[in-house]
Amino acid sequence: MSTSIPMLEQSAGRGAARAAARKRKQTQTSEGRRAGWVTYAILTIVILGSAYPLYYALQLSSSTASEIAQNPIPGLGLGGNLLDNLRRVMDANINLPQAFLNSVIVAVVTSASVVLFSTLAGFSFAKLRFRGRGPLLVFVIATMAVPTQLGVVPLFIVMRELGLVGNLLSVILPGLVTAFGVFWMTQYLESALPYELIEAARVDGASMIRTFWHVALPAARPAAAMLALFTFIGSWTNFFWPSIVLGTQNPTLPVALQLLQASFFKDMSLIMAGVVISVIPLLVLFVIAGRQLVAGIMAGAVKG
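Okay, here's the thing in structure tokens:
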């Protein structure tokens, strides 16, 4: 049986198309693999670059002062004096446990209050209609442009008149709510919380506070987690204002660690051991809140 010429040409055309498709797929796969390797290489460099300062601090904290003086940039390995340096920090005359407790109180209370009040304000600006809403939001955002240093003297005078100098309340009260937190939660709730949910809650007879607590707050959880994490880090590492208003009698952890170098001889191994102690809670927090942090970033990226 013979095959006609048109059928042969049609069969040859389908074969050529399949070959071209296979070649195109192989090319795309090869390009995808190259792009993947480049992405992994860039991410590896970024991760190593981000982690090196912490590892460098760990290296110095495990060395002696003489070893650091001879070789300020040690090799890849750790020294053998980490536990001894940590013990010296704990034995130093800076009341480290009290400073640690003060930092925990300030960071936890400040983070909780910033999340609560910023979410309340964000819910009001994003979903409620009231007179002066726009100018008031602009005023709140404009305060972000004012340098913190400009308000230090008036704020210190206020704290002194209230008799709070040296008290942890002098650090907690000014940080109960932030302009950035209000702006952040307003932007997030503007798109994350539909008006239909609020109207449904009102139809069911829920008050405004109940609507906020059972509708707005759960919807704002990813953004609130990010805000809490960043506020906790900012409060934990804040040195400027606590050093002014608390002094050295009732310090937070950064102020107490500063006392380790209050001499003519700076023992870098001792200072870095204190830094390692202060970083541990932040690392634990990142591990615990990592999932919420990623969810918040992804939610913000999608909505942005």
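When you read off a place in the sequence shown, starting at 1, and then add 1083, the result is the number in the numbering used here. Glycine included, C-beta positions come from ideal geometry on N, C-alpha and C.
Residue 1109 sits exposed, since fewer than 16 C-beta atoms from the chains shown fall within 10 Å of its C-beta. Counting only runs of at least 4 residues, the stretch 1283-1365 fully encloses the following alpha helix (DSSP H) elements, listed from N- to C-terminal order: 1291-1294, 1304-1320, 1323-1328, 1336-1341.
For residue 1302, the closest alpha carbon among the candidates 1286, 1331, 1269 is that of 1269. Shortest Cα-Cα distance from residue 1185 to any of 1369, 1368, 1321 involves 1321. Where residue 1169 is concerned, the enclosing alpha helix (DSSP H) starts and stops at 1165-1174.
Distances from the CA of residue 1318 to each of 1304, 1300, 1338 were compared; the closest alpha carbon is that of 1338.
For the pair of segments examined, the stretch 1268-1283 was found not to touch the stretch 1349-1356: the number of CB pairs separated by less than 8 angstroms stays below three. Three or more Cβ pairs drawn from the stretch 1244-1257 and the stretch 1323-1333 lie within less than 8 angstroms of each other, which places the two stretches in contact. For a cut-off of 8 angstroms, the C-beta gap from residue 1359 to residue 1144 is around 5 angstroms, short enough to register as a contact. Ranking 1207, 1196, 1150 by CA distance to the CA of residue 1276 puts 1207 first. Selection 1150, 1197, 1196, 1328 evaluated against residue 1244 yields 1328 as nearest (Cα-Cα).
A residue is called buried once 16 or more other Cβ atoms fall within 10 Å of its Cβ, and residue 1258 is buried on that count.
The continuous alpha helix (DSSP H) containing residue 1205 extends over residues 1179-1210. Per DSSP, the unbroken alpha helix (DSSP H) holding residue 1241 starts and ends at 1235-1244. Here DSSP, grouped into helix, strand and coil, assigns residue 1214 to coil. Between residue 1272 and residue 1307 the beta-carbon gap is near 10 angstroms, outside 8 angstroms, which marks them as no contact. The DSSP-derived three-state label of residue 1156 is coil. Between residue 1254 and the set 1239, 1227, 1341, the nearest pair of CA atoms involves 1239. CA-CA distance, residue 1324 to residue 1115, rounds to 51 angstroms.
Boundaries cannot be given for residue 1261, as no alpha helix (DSSP H) includes it and DSSP labels it neither H nor E.
By the neighbour-count criterion, in which a residue is buried when 16 or more other Cβ atoms sit within 10 angstroms of its Cβ, residue 1129 is exposed. In this structure, DSSP gives residue 1146 a state outside helix and strand, which the three-state scheme calls coil. Put simply, of 1121, 1311, 1106, 1176 the residue whose alpha carbon is nearest the alpha carbon of residue 1190 is 1311.
Going by beta carbons, residue 1315 and residue 1368 fall inside the 8 angstroms limit.
Per DSSP, residue 1254 is one residue of the alpha helix (DSSP H) stretching across 1252-1255. Nearest Cα to residue 1241 within the set 1366, 1256, 1336: 1256. Around the beta carbon of residue 1197, a 10 Å sphere encloses 16 or more other beta carbons of the protein chains shown; the residue is thus reported as buried. Distance from the Cα of residue 1159 is smallest, within the candidate group 1195, 1139, 1169, for 1139. Excluding its 5 nearest sequence neighbours in each direction, residue 1341 has no C-beta neighbour in its own chain below 6 angstroms. In this structure, the alpha-carbon of residue 1182 lies about 10 angstroms from that of residue 1361.
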